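Our numbering applies: residue 13 is where the sequence shown begins, and numbers increase by one. Cβ coordinates follow ideal geometry from the N, Cα and C atoms, glycine included. No experiment lies behind these values; they were computed from the predicted model shown.
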Amino acid sequence: MVSEQEIKLLHEKLQNHGQIQNPISSTHSVSGGSINDAYKLESDDQIFFLKVNSASSYPGMFEAEAKGLSFLSDHSEFAVPKPILNFEENDRAYLVLEWLDEAPGSDQEETGRLLAKMHQSSTDQFGLDFDNYMGSLEQSNTQYSEWAPFFIEQRLEPQLKMARDNGDMQSEHSRQFEKLYYKLEELFPPAKPSLVHGDLWGGNAMNTSEGPSIYDPAVYYGHPEVDIAMTTLFGGFDRSFYQAYMKENPLEKEWRGRLPLYNLYPLLVHVNLFGSGYLMQVESILKKFV
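What follows is the structure, given as structure tokens:
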């Protein structure tokens, strides 16, 4: 829970930023995932979304999240929650965001269209000029001119090393990945670096009173098929989403067959976060492509 002292501190910070006049009158716990505690803060005339976690356990997480949300807002038409302030106090990290009201139903078609338009935002390098997080794991975004080397060295290899160090991966898995690496350049179709959400599962998107929203990003410039692959991993997106996306931003032929390759990254992240229960899916993908 958020203490009375913390509520007073939050009010002072918000007041100093010109974001609030009246005192915070209520604080309600809401769903915020497994990493953060999350709250709905209300004053007489304003509502905020608050996330709290351990500053020492996740250094720079909220700063990176705020930058990522601002980046998505600047380069897309999604209703992205606006970062209002983030700070640390007594090993507690705080991120205050704009509150967005969830709307009934889901506008899957519009979500697909907006994602396709966002993917048309491009630059000349894969990666980003700041690092961030994928879940609770640090994500390096060192920039590369080619996609396959970036995906291998900045996505797969760090997770594979962590899994080996944790004892969840064996030397045979490493050999299989090495064989896959030699094939990736041919398996991936050419693509310009596209702005991707990076962690686009159903829990990081919702319909709001202001339109479709995406949040909790692991943003960078990558292959657009990364986001499409992630939407298939845990479900939550229907046919109208994919049809609208393809109408606006058609992918290269045989794109469905490539999606498991991109999902090796989030699956390895899940191995490292939750254990070897996800290893069977990794092994199945390796068997298909190696």
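Buried or exposed for His131, going by 16 or more other Cβ atoms inside 10 Å? Classification of His131: buried, given that the 10 Å Cβ count is 16 or more.
Closer than 7 Å by C-beta to Pro272: which residues in its own chain qualify, once you throw out the five before and the five after it? Chain order, please. Answer for Pro272: Ile297, Lys300, listed in chain order.
Let me confirm a value: Gly179 is counted as buried when at least 16 other C-beta atoms fall within 10 Å, else exposed. Which label applies? Counting the other CB atoms within 10 Å of its CB gives Gly179 a total below 16, which places it among the exposed residues.
Report the CB separation of Leu280 from Ala175 in whole angstroms; it is logged as a contact under 8 Å. With a Cβ gap of about 6 Å, Leu280 and Ala175 count as contacting.
Please tell me whether Tyr232 and Ala128 are closer than 9 Å, where the distance is taken between their beta carbons. Not in contact: Tyr232 and Ala128 (Cβ atoms no closer than 9 Å).
C-alpha distance - Gly289 paired with Leu26, whole-angstrom precision: Taking the straight line joining both Cα atoms gives about 43 Å.
Consult DSSP for Val64 and reduce its assignment to one of helix, strand or coil. Here Val64 sits in strand by DSSP.
So, helix, strand or coil for Leu207, using DSSP? In the structure shown, Leu207 sits in a strand (DSSP, three-state: E or B).
Tell me which same chain residues have a C-beta within less than 6 Å of the C-beta of His235, skipping the five on either side of it? Hits under 6 Å: Trp159, Ala203.
Which of helix, strand or coil does DSSP assign to Tyr227? Coil.
Taking only the alpha-carbon atoms, compute the straight-line gap between Gly30 and Ala105 and give it to the nearest angstrom. C-alpha separation (whole angstroms): 20 Å.
In three-state terms, what does DSSP make of Ala128? Note: Ala128 maps to helix in three-state DSSP.
Suppose contacts are defined by Cβ-Cβ distances below 9 Å. Is Asn219 in contact with Pro229 by that definition? The Cβ-Cβ distance between Asn219 and Pro229 does not fall below 9 Å.
Determine the burial state of Asp103: buried for a count of at least 16 other Cβ atoms within 10 Å of its Cβ, exposed for fewer. By the 10 Å Cβ count, Asp103 comes out exposed.
Let's see if you can read the secondary structure: which residues bound the alpha helix (DSSP H) around Gly269? Secondary structure note for Gly269: its alpha helix (DSSP H) is the uninterrupted segment 267 to 286.
Go through its chain and collect everything with a Cβ distance to His23's Cβ below 7 Å, but skip five positions before and after it. Cβ neighbours of His23 beyond the five flanking positions: Ile32, Pro35, Ile36.
With burial defined as no fewer than 16 other Cβ atoms inside 10 Å of the residue's Cβ, what is the status of Asp211: buried or exposed? Asp211 sits buried, since 16 or more C-beta atoms from the chains shown fall within 10 Å of its C-beta.
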